[in-house]
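Peer 1: The structure under discussion is supplied below as structure tokens; questions concerning it will follow.
There are 2 protein chains.
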Amino acid sequence: MITLSEENYLKAIYHLGKQGAAAVSTNAIAEKIESKASSVTDMVKKLADKNLAHYIKYQGVSLTNDGRLAAALVVRKHRLWEVFLVEKLNFSWDEVHDVAEQLEHIKSQKLVNELDAFLGFPTHDPHGDPIPDKDGNYAPIKSVNILELEIGSEGVLSLVKDSSDVFLKYLNKNNLALGDVIKVLDFEPFDDSVTIQTKNKQIIISKEVAKNLYLSQ
Amino acid sequence: MITLSEENYLKAIYHLGKQGAAAVSTNAIAEKIESKASSVTDMVKKLADKNLAHYIKYQGVSLTNDGRLAAALVVRKHRLWEVFLVEKLNFSWDEVHDVAEQLEHIKSQKLVNELDAFLGFPTHDPHGDPIPDKDGNYAPIKSVNILELEIGSEGVLSLVKDSSDVFLKYLNKNNLALGDVIKVLDFEPFDDSVTIQTKNKQIIISKEVAKNLYLSQ
DNA sequence: ATATATTTTTAGACAAGTCTAAAAATTATA
DNA sequence: TATAATTTTTAGACTTGTCTAAAAATATAT
Ligand SMILES: [Mn+2]
Ligand SMILES: [Mn+2]
Ligand SMILES: [Mn+2]
Ligand SMILES: [Mn+2]
């Protein structure tokens, strides 16, 4: 049995492991999970004892196959619940995260799979993140960050990397939503801001914002 | 903030308080919650400290208004989730309890109220139990136990008091479900068993079974 | 290569929730 | 009403998950 706390650590390691090196550092986990390095060390030992993580003192952590599957299944639940909240319960995309953080820990195979079916087997959550299947797999992400595009190129906004409500409210305020067609008009060398066009309107977005927007096609 | 454990104790006291005396005994709570009397004593002190329960040493426990509302809201969530699982996710009535035990602790006002609306403001759960509203109130139960009826009287099965999967599977096996029209044909004095008719079929049910079946109209 | 800064681990403490065993209070019985 | 049985509480211990402060290891900079 994997506890709620263990699940949160597995998920943190899973996410940190994606965007970076093979081994994840104690401090990185502590920051992500808003705890302290010493707590992470303790927990990581437990995960290693349960064969969910590889751990070498001072060398960082990585997930075993079992650990990665367990983490992916938590992420699967998180994202399916987010879809449920938005599609069925009138939540907006900036309201779902905290509730999904609770719902992702509910233990019931049948519940997850029936929920998946009820939602029509969605492939992405309301923020464009892919939903792992029961084996923890998902289709590779094909969208590319705005900063890597050429001037004049166009695409559909299909993933926002930051799912914090502050960022999502910013997007709401600027009338930007998943599915919008966006055209890159200019890159400003001074501050790396980007001018984009969407819905016949031009707006300038900062580098920090651009870093979180991914277009496809 | 009320913890998960505190919610479970509140619920136990709430349920025990209904079908009996004003003050609930330590042992009764321990049995219901499958813990030990000493654990109950500890927890009950905490509930009293938080003004959720009235507690006098050796004299038992009862809920304050705050405690009763908190308990009713947990019960509300439990029953709404049971309806969701049966109506939307193809669970049968003997599969919902354990999952609802987890879901009832999810904290989100919006979630509960949107779920309620999504389900069409149901008044009863899949076992016929009433669903409290946001103020913890529900319409008084008007159904009456089979053992209290006269021979020849007829009614609709509208509440099963025992929601354990063993009992519900027994009902499934005997093709008895909520909404069935049932007629009382005979009471056997020897063992208090009851002969009933439903769907043009006669069956004999034991006293233990009859105690859990409530008919309305 | 050595000294300094940073990261990570260890040691020890604490809160929540639980348990067993013993003591105290209440209730039942003779 | 005195004694026995039962219930409830207390005392002390244990687990999980967390923290702070100090020690140890690793990384960085001269
Ligand atoms: Mn999320
Ligand atoms: Mn998301
Ligand atoms: Mn139930
Ligand atoms: Mn029920």
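From first to last, the protein sequence lines are chains A and B. Take the position in the first sequence, starting the count at 1, then add 6; the result is the number in my numbering. Take the position in the second sequence, starting the count at 1, then add 6; the result is the number in my numbering. Each residue gets a CB set at the ideal place from its N, CA and C atoms; glycine is no exception. Quick caveat: nothing in here was measured; it's all calculated off a predicted structure.
(1) Between LYS94 (chain B) and chain A, is the shortest Cβ-Cβ distance under 8 Å, so that the two count as touching?
(2) Got a sec: does ligand 2 put a non-hydrogen atom nearer than 7 Å to the Cβ of ARG74 (chain A)?
(3) Name the residue from B:LEU58, B:LEU121, B:VAL81 whose alpha carbon lies nearest to the alpha carbon of TYR144 (chain B).
(4) Rounded to the nearest angstrom, how far is the Cβ of SER159 (chain A) from that of VAL190 (chain A), given a contact under 8 Å?
(5) Which residues in the same chain as SER169 (chain A) place their Cβ atom closer than 6 Å to its Cβ, once the five residues preceding and following it in sequence are excluded?
(6) How big is the Cα-Cα spacing for SER31 (chain B) and GLU37 (chain B)?
(7) Around ligand 1, what residues have a beta-carbon under 6 Å from a heavy atom of it, in chain order?
(8) Answer with yes or no whether the minimum CB distance from LEU109 (chain B) to chain A is below 8 Å.
(9) Compute the Euclidean distance between the alpha carbons of ALA230 (chain A) and LEU16 (chain A), then round it to the nearest angstrom.
(10) Buried or exposed for VAL166 (chain A), please, with buried defined as at least 16 other CB atoms from any protein chain shown within 10 angstroms of its CB.
(11) Just to confirm my understanding: we take ALA76 (chain B), look at its own chain, exclude 5 residues before and 5 after, and list those with CB closer than 8 Å. What are they?
(12) Let me check one thing: in DSSP terms, what residues is VAL166 (chain A) bridge-paired to?
(13) From the DSSP secondary-structure annotation, give me the bridge partner or partners of PRO136 (chain B).
(14) Please identify the residue among B:PHE193, B:GLU120, B:TYR61, B:SER199 whose C-alpha is closest to the C-alpha of LYS83 (chain B).
(15) Can you tell me which of A:SER41, A:ASP55, A:GLY23, A:GLU107 puts its alpha carbon nearest to the alpha carbon of GLY66 (chain A)?
(16) What is the rounded straight-line gap between the Cα of LEU221 (chain A) and the Cα of ILE188 (chain A)?
(17) Please report the straight-line C-alpha distance between ALA194 (chain A) and LYS207 (chain A), rounded to a whole angstrom.
(18) Does chain B have any CB closer than 8 Å to the CB of LEU153 (chain A)?
(19) CB of PRO132 (chain B) to nearest heavy atom of ligand 4: below 7 Å?
(20) Would you check whether ligand 4 has a heavy atom nearer than 7 Å to the C-beta of ASP236 (chain B)?
(21) Could you spell out where the alpha helix (DSSP H) holding LEU109 (chain B) opens and where it closes?
(22) Would ALA78 (chain A) be called buried (16 or more neighbouring beta carbons within 10 Å of its own) or exposed?
(23) Got a sec? Which residues, its chain only, sit under 6 Å from TRP87 (chain B) by beta carbon, not counting five neighbours each side?
Peer 2: Let me lay it out:
(1) yes
(2) no
(3) B:VAL81
(4) 5 Å
(5) HIS103, HIS133
(6) 10 Å
(7) A:HIS84, A:GLU88, A:HIS103, A:ALA106, A:SER169
(8) yes
(9) Nothing about residue 230 (chain A) can be read from this structure; chain A reaches only from 7 to 223.
(10) buried
(11) ILE8, GLU13, LEU16, LEU58
(12) A:LEU219
(13) B:HIS130
(14) B:GLU120
(15) A:GLY23
(16) 8 Å
(17) Looking at the sequence provided, one finds Glu at residue 194 (chain A) rather than Ala. Approximately 18 Å between the Cα atoms of the pair.
(18) no
(19) yes
(20) Shown here, chain B extends from 7 to 223; a query on residue 236 (chain B) therefore has no answer.
(21) 103-109
(22) buried
(23) ALA106, LEU109
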